[in-house]
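Novice:
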């Protein structure tokens, strides 16, 4: 008992000082508290934690242990509250600027394979429609033929702005990126399960895109098409390609595990596939917002040349982020 009393008498002033610093910290800003006080608090917290362990070995006195528990817990919450916020922000920054680009570069073969499937579809749809415009009805959904491309351009450019408020832009954009995410997940799922299914989704979507583009070319309104589709397409199309590529990463691991077990192969592929899929979803949300607002603006507000320039800028920025920039120390 005497040892406990001596221990408490020796350490009580330190505990009181820590409590006083915490009381002050709750009343003032971090700047007013000052770096010196924070460092002192950290030192006293560590000492109090050691005192708590020692007290447990000396006594079972509930009042003393409860007092030290409350003091160290209070200090812990204050000291590490900023660290948790900082660590979350740092983790997000590392994910976006280091982990995602590194994963894209490691899996660039799958990304290129997915992009090639889409481009082959675009080329096929464009070529087939250019040679025989009548084939477009076989390649494009019927809803595209309610009016000709030229009639649609005249209607849009001569009518009032369709998106004239932030509320309309957000509502329209939300519908668009929900639909685009569904397409991306379809491509991802089929690629992961069959590989060929993912390529087929990309090819068929490319056929439609190419055929529509050819119709606008044939009617002499191609500039409108690229200005209308370009800004959001610069994000939307690569994002769907990335989703399919993520599926291809998993599909290859699942169907062709090599010398590893199927479970180990899939487990090793999951981190990169997850990073790619999450990135695809984030980019699709951005594409939906662009499509619901900037893409809908007519040439009376934003000239076609500016919209096409923005599309090129967005695509260049996306590719630079994902494939060109390297983090320090990366091979």
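Numbering (my numbering), first residue to last: 2 to 332. By construction, the Cβ of each residue, glycine as well, lies at the ideal position given by its N, Cα and C atoms. All of these numbers come straight from a predicted model, not from anything done at the bench.
Between the beta-carbon of residue 273 and the beta-carbon of residue 94, is there less than 8 Å?
Specialist: No; because the gap between Cβ atoms is not below 8 Å, this pair is not in contact.
Novice: Determine the closest residue to residue 245 out of 195, 31, 215, 262, with distance taken between C-alpha atoms.
Specialist: Ranking 195, 31, 215, 262 by Cα distance to residue 245 puts 195 first.
Novice: Determine the direct distance from the alpha carbon of residue 26 to that of residue 183, and round the result to whole angstroms.
Specialist: Computed Cα separation, rounded: 49 Å.
Novice: Could you tell me the distance, in whole angstroms, from the CA atom of residue 266 to the CA atom of residue 240?
Specialist: When rounded, the distance between both Cα atoms is 25 Å.
Novice: Which whole-angstrom value is the C-beta distance of residue 249 and residue 92, which I expect to be below 8 Å?
Specialist: Wrong, their Cβ atoms sit about 27 Å apart, outside the cutoff.
Novice: Thinking C-beta only, is residue 243 closer than 8 Å to residue 280?
Specialist: Closer than 8 Å, so yes.
Novice: Which one of 282, 314, 231 has the shortest CA to CA distance from residue 298?
Specialist: Of the listed residues, the one whose Cα sits closest to residue 298 is 231.
Novice: Mind checking whether residue 122 and residue 187 have CB atoms under 8 Å apart?
Specialist: Result no, Cβ atoms of residue 122 and residue 187 do not sit closer than 8 Å.
Novice: Of all the options 301, 56, 310, 71, which has the alpha carbon lying nearest to the alpha carbon of residue 4?
Specialist: It is 56 whose Cα lies nearest to the Cα of residue 4.
Novice: Over what stretch of residues does the alpha helix (DSSP H) that includes residue 235 continue unbroken?
Specialist: Residue 235 -> alpha helix (DSSP H) spans 223-256.
Novice: Assuming residue 129 and residue 140 make a contact with CB atoms under 8 Å, what is their CB distance in whole Å?
Specialist: Rounded, the Cβ-Cβ distance is 7 Å, consistent with contact.
Novice: Out of 251, 262, 320, 54, point me to the one whose CA is closest to residue 197's CA.
Specialist: Checking every option, the nearest Cα to that of residue 197 belongs to 251.
Novice: For residue 196, name the three-state secondary structure that DSSP assigns.
Specialist: Reduced to three states, the DSSP call for residue 196 is coil.
Novice: Please return the same chain residues whose Cβ sits closer than 6 Å to the Cβ of residue 235, not counting the five positions on each side in sequence.
Specialist: Contacts found: 312, 315, 316.
Novice: Assign residue 170 to one of two classes, buried (16 or more other C-beta atoms within 10 Å of its C-beta) or exposed (fewer than that).
Specialist: Since pLDDT at residue 170 reaches only 47, below the 50 mark, its modelled position is unreliable, and the value read off the structure follows with that caveat. Answer is buried; the Cβ neighbour count reaches 16.
Novice: With DSSP collapsed to three states, give me the class of residue 111.
Specialist: Residue state, collapsed to three classes: helix.
Novice: If residue 142 and residue 222 are in contact, beta carbons under 8 Å, what's the gap, nearest whole angstrom?
Specialist: Not a contact, Cβ separation roughly 20 Å.
Novice: Helix, strand or coil, according to DSSP, for residue 309 in the structure here?
Specialist: Helix.
Novice: Is residue 157 helix, strand or coil when you go by DSSP?
Specialist: Three-state DSSP puts residue 157 in a helix.
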